[in-house]
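According to my numbering, the stretch in the sequence shown is residues 447 to 612, in order. For glycine and all other residues, C-beta sits at the position ideal for the given N, C-alpha and C.
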Amino acid sequence: KELAKDHEVWVEYGIQSVYDETLEAINRGHSVANIKEWILRTKAYGLNVCGHLIFGLPGETQEMMLDSVTASIEWKVDSLKIHPMYVTNNTALAADYKKGKFVPITEEAYIDTLIKTFKMLPEDIMIQRVTAGIDDASLLAPEWCRNKHTQMKHIRNALLKEGLVY
Numbered sequence: 447k448e449l450a451k452d453h454e455v456w457v458e459y460g461i462q463s464v465y466d467e468t469l470e471a472i473n474r475g476h477s478v479a480n481i482k483e484w485i486l487r488t489k490a491y492g493l494n495v496c497g498h499l500i501f502g503l504p505g506e507t508q509e510m511m512l513d514s515v516t517a518s519i520e521w522k523v524d525s526l527k528i529h530p531m532y533v534t535n536n537t538a539l540a541a542d543y544k545k546g547k548f549v550p551i552t553e554e555a556y557i558d559t560l561i562k563t564f565k566m567l568p569e570d571i572m573i574q575r576v577t578a579g580i581d582d583a584s585l586l587a588p589e590w591c592r593n594k595h596t597q598m599k600h601i602r603n604a605l606l607k608e609g610l611v612y
């Protein structure tokens, strides 16, 4: 609390999802109750909280992704960093992807979920990130995550069509 009086202090939490079954499936090592408690305690100390969300996690629907946004709003996070789930080589998810057990989120579905997120958020919650990607040989899928600049162009254009500014 003392540090927050004279300094701007941010604590970032990897919320990722507000579904325990998703968190367990991706081996997060925490529950929704844990992350909620940590965020509320951090806020009680007067510190700023940035929550990280991943859209397109295995088994998640758009409704589930938006539930994670709703919970973040209810927990009073100060900002969000959002990015799509992508598959890299030599991971458990890569094995599922190769067997057809995991289908990555499409760029269109990701952008649609972002637009819905922007429309839900109160003005006092900042968006610090809306994309992530990897531009080397370790990326298996989706291909659209290979170039962040192209992602940002598509996201900005879609947001502008909706009258939203990022």
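Residue 611 carries a coil assignment under DSSP once its states are collapsed to helix, strand and coil. Just so you know, the alpha carbons of residue 516 and residue 566 end up roughly 8 Å apart.
Exclusion of the five residues before and after residue 604 leaves 557, 561 as the residues of its chain whose Cβ lies within less than 7 Å of its Cβ. Here residue 483 is exposed, its C-beta having fewer than 16 other C-beta atoms within 10 Å.
In this structure, the beta-carbon distance from residue 518 to residue 461 falls below 8 Å. Looking at the backbone, the Cα of residue 546 and that of residue 540 are separated by about 10 Å. In the DSSP assignment, the residues bridged to residue 495 are 457. At the C-beta level, residue 612 and residue 573 come within 8 Å of one another.
Bridge pairing for residue 574: absent [DSSP].
Here residue 513 is near residue 464, since their CB atoms are less than 8 Å apart. Judged by DSSP in its simplified three-state form, residue 544 adopts helix. Taking the Cα of residue 587 as reference, the smallest distance to any Cα among 477, 537, 576, 526 is reached at 537. A residue is called buried once 16 or more other Cβ atoms fall within 10 Å of its Cβ, and residue 521 is buried on that count.
Secondary structure at residue 526: strand, using DSSP grouped into helix, strand and coil.
By the 16-neighbour rule on beta-carbons within 10 angstroms, residue 590 is buried.
Between residue 580 and residue 502, the C-beta gap is not smaller than 8 Å, which leaves the two residues out of contact. When the Cα atoms are used, residue 500 and residue 493 turn out to be separated by approximately 23 Å.
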